[in-house]
Structure formats: C-alpha cells, structure tokens
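Structure first, then comments.
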Amino acid sequence: MTVSCAKRDILGLKDMERLDIETIFRETYAMREILHSRQKSSLLSGTVVVNAFFENSTRTRISFEVAAKKLGADVVNFATIGSSVAKGESFEDTLMNLEALGADAIVIRHSDPDALSTAAHILSIPVLNGGAGSEEHPSQALLDIFTLGDHFKNLSGRKIVIVGDIRHSRVAKSNLYGLLKFGAKVVFCGPEDLVSQEYKNLGAEVEYDLTAALENADAVMALRMQFERQEEDYHKRLDYYRDNYQINSARLRYAKPDLLVMHPGPINRDIEISSEVADGPQSIILEQVNNGVAVRMSLFKMAMSKYCGRSRHLAAI
Numbered sequence: 001m002t003v004s005c006a007k008r009d010i011l012g013l014k015d016m017e018r019l020d021i022e023t024i025f026r027e028t029y030a031m032r033e034i035l036h037s038r039q040k041s042s043l044l045s046g047t048v049v050v051n052a053f054f055e056n057s058t059r060t061r062i063s064f065e066v067a068a069k070k071l072g073a074d075v076v077n078f079a080t081i082g083s084s085v086a087k088g089e090s091f092e093d094t095l096m097n098l099e100a101l102g103a104d105a106i107v108i109r110h111s112d113p114d115a116l117s118t119a120a121h122i123l124s125i126p127v128l129n130g131g132a133g134s135e136e137h138p139s140q141a142l143l144d145i146f147t148l149g150d151h152f153k154n155l156s157g158r159k160i161v162i163v164g165d166i167r168h169s170r171v172a173k174s175n176l177y178g179l180l181k182f183g184a185k186v187v188f189c190g191p192e193d194l195v196s197q198e199y200k201n202l203g204a205e206v207e208y209d210l211t212a213a214l215e216n217a218d219a220v221m222a223l224r225m226q227f228e229r230q231e232e233d234y235h236k237r238l239d240y241y242r243d244n245y246q247i248n249s250a251r252l253r254y255a256k257p258d259l260l261v262m263h264p265g266p267i268n269r270d271i272e273i274s275s276e277v278a279d280g281p282q283s284i285i286l287e288q289v290n291n292g293v294a295v296r297m298s299l300f301k302m303a304m305s306k307y308c309g310r311s312r313h314l315a316a317i
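Going by the working numbering, 163 is the number at position 163 of the sequence shown; the sequence numbering is gapless.
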C-alpha cells in the first residue's frame, strides 16, 4: 500500500480550519484517557522530540515534554544558555544542526514572530509553535478552547472576555482566531494603550470598562501584565492596573454567578487576579494546565503520524 507522506507543521490558529481543530479535540479526549490511566503509549516510540525554547517557559515546555514522553518519545530540552547560540551561532544553523543530530520533531518558542515560519521553511521535520513573539501561541489557545468546550459543549454565542495586556499577548490573539471559528463572542478589555480599536478588524469587541465587559460574560481570562515590554514606570502602572482591571471578588459581583475564570499562566497573584478568585470555585485554571498535556499529545500525533522522514514507521498510524 502506498502511504501519502507530508510534513505537518503546527504554526498557528489564524489559518487553521475549524475541521482540523475539531479533529484535534476528538483526539484529545482519547489522549486524556491515556493520561488518566497513568499508562504510556508507544505511538512515538523510537522518535526524538526537541524542545528549543529561546524564551523562558515553565508550563509550556514541561507540558510538551510530558506529552511527548507519554507517547513514548525521547525528549531533548535545548536552552540557549550554555549553547552555541551564546557563541554567535545563528538561529537557522542551530535548527539545522538539531535536525542533523536526529530530531524527528521540534517545538520552538522565540521572541521573533517570524522565527517559526523560518524554521518550517528550512527544516524537513515537523515544527510546532511553542509561542511566537506577540503573534500566536496555538497550543495554549487550543487547550483554553478545549477546556471551555468541556463546560459549555457548544461555544456558539458564548461571551468570552480576555482582560489585560492584549497588545503583547500571543495567547489573546490565538484565542481570538480559534474562538471565532466556533461562533463565540470575544471581548478584549484593558487599558486603551494596550487594547487597540484595530482588534475590531480581526473580529473582537473592545471594551475599556471591566464591569461593562463582564456583563453577561460566560468566561473571563486574565492575562499577565508584561511590564518588561512596557516603558512606563512599573509601580505607577501596576497600581493603575490593579485598581481598574484586577479580576477579584468585588468585580465578580457584577458577573453571572456561573462565570468561569481562566488564566494561561504564569499568574502574578493579586495583580491581574486575586488569590481568592484564582483558587476559588469559579476557577478552571488547573483544568487548563491538565488539559494542556492531552492537547499537546494530540498535536504531536497530528504533526508526526504522516511524517515519513526519519520516522517512516509513523506513516502507518
């Protein structure tokens, strides 16, 4: 039997079809069963997955690592500190050498939003986006949308509010692209200089008053304020943000009692969200983290199951 082989990169949700996302979610339920059983799959046995993170990460890197190991792959974690990148080696040369060393797939996080497309162009192995600049973070958005689907089943007409530093947030943008494909209403809320009216052109609604944004909302996602990317005085900015945009119990009095509270992490407690709310009964933050492993297992299967390069045996899956 002739097997059709193609490299499948997971670069973003902007151009991903809803049908593909639904396929990922169906597979995620099966992967979640593997996780809950405490067993390992042999699906990726004999393969090597490289996590090449050029920016700091805890949840995303470890989640991809656990996902790959649960499917039987060996995982190599690459960090720029102590590597030849610190000696001046280019991004492209680093990636080509990682492939030559035996990588069967690579997960990349980089501050340059164009880095992922560059990697996909020069590599013959599948490339998965672990976070690209301020543009896209597809695996995070997929786990967020999957988690919402666990609670709502049908996302059409649901109002999802994303609060915070939208300007610098790849999570917000990927969630917008994905949620709109399922008919959800997405509201971006935050300070005016961080939430441009131009996001309306992408399909989002824009609101600068948090109380108004929370009215009739089904879920709210708090984002970390990325102060390291802002020029204004940190302490002045922090006080303003906490006073006007923190998700806390006082704010939630204006929301529906069954509102779901989310956060992609890392959390700056008592800045963008109070500890009381983050740990409270409306919070599904740890569900997001848990579902993230299953979603990323599904992404590995999608990316690698028809790849006929170094791992030809995967083509029959």
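Glycine is no exception: its CB is placed at the ideal position from the N, C-alpha and C atoms.
Using C-beta distances below 7 Å, list every residue in its chain close to residue i, excluding the 5 sequence neighbours before and after it, in chain order.
i: Pro-126; result: Lys-7, Arg-8, Asp-9, Ala-105, Ala-303, Met-304, Tyr-307
i: Gly-72; result: Lys-40, Ser-41, Ser-42, Leu-43, Leu-44, Ser-45
i: Leu-98; result: Val-50, Ala-52, Phe-78, Ile-106
i: Met-1; result: No answer about Met-1 holds up, because its pLDDT of 31 lies below 50 and its placement is not dependable.
i: Ala-115; result: Phe-91, Ile-108, Ala-132
i: Val-206; result: Phe-188, Val-195, Gln-197, Tyr-199, Lys-200
Given a cut-off of 8 Å, decide if residue j and residue i are closer than it, judged by their beta-carbon atoms.
i: Ala-67; j: Met-297; result: yes
i: Asp-336; j: Pro-264; result: No information on residue 336 is available, as it lies outside the stretch 1 to 317 that the chain covers here.
i: Arg-18; j: Ser-57; result: no
i: Val-220; j: Ala-204; result: no
i: Tyr-199; j: Phe-188; result: yes
i: Leu-238; j: Ser-169; result: no
Let me check one thing: in DSSP terms, what residues is residue i bridge-paired to?
i: Ser-283; result: Val-261
i: Glu-205; result: Val-187
i: His-110; result: Ala-132
i: Phe-53; result: Ala-79, Arg-109
i: Met-221; result: Ile-162, Met-262
i: Ile-10; result: Leu-128
i: Asp-74; result: Val-48
i: Ile-273; result: Ile-247, Arg-269
Which residues in the same chain have their Cβ closer than 6 Å to the Cβ of residue i, if we skip the five residues on either side of it in sequence?
i: Lys-14; result: Tyr-177
i: Arg-310; result: For Arg-310, the predicted model reports a pLDDT of 44, less than 50, meaning its position is unreliable; a value from the coordinates is still stated below. Same-chain partners within the cutoff: Asp-104.
i: Ser-274; result: Asn-248
i: Gln-140; result: Val-171, Pro-264
Within its chain, find whatever has a CB closer than 8 Å to the CB of residue i; leave out the 5 residues flanking it on each side and keep chain order.
i: Asn-291; result: Thr-28, Arg-32, Leu-143, Phe-146, Thr-147, Asp-150
i: His-313; result: Because His-313 sits at a pLDDT of 36, beneath the cut-off of 50, its placement in the model cannot be relied upon, and the following sentence gives the value as read from the coordinates. Gly-46.
Worksheet entry | the stretch 123 to 140 / the stretch 153 to 164 touching (three or more Cβ pairs under 8 Å) | Three or more beta-carbon pairs separated by less than 8 Å are not found between the stretch 123 to 140 and the stretch 153 to 164, which leaves the two stretches without contact.
Discussion item. With three or more C-beta pairs closer than 8 Å as the rule, is the stretch 165 to 184 touching the stretch 193 to 203?
Written reply: Contact holds between the stretch 193 to 203 and the stretch 165 to 184, because three or more Cβ pairs, one in each stretch, are under 8 Å apart.
Discussion item. Three or more C-beta pairs under 8 Å: does that hold for the stretch 168 to 184 against the stretch 253 to 262?
Written reply: No, the stretch 168 to 184 does not touch the stretch 253 to 262.
Worksheet item: Pairing CB atoms from the stretch 236 to 251 with CB atoms from the stretch 284 to 291, are three or more of them under 8 Å?
Response: These segments do not touch.
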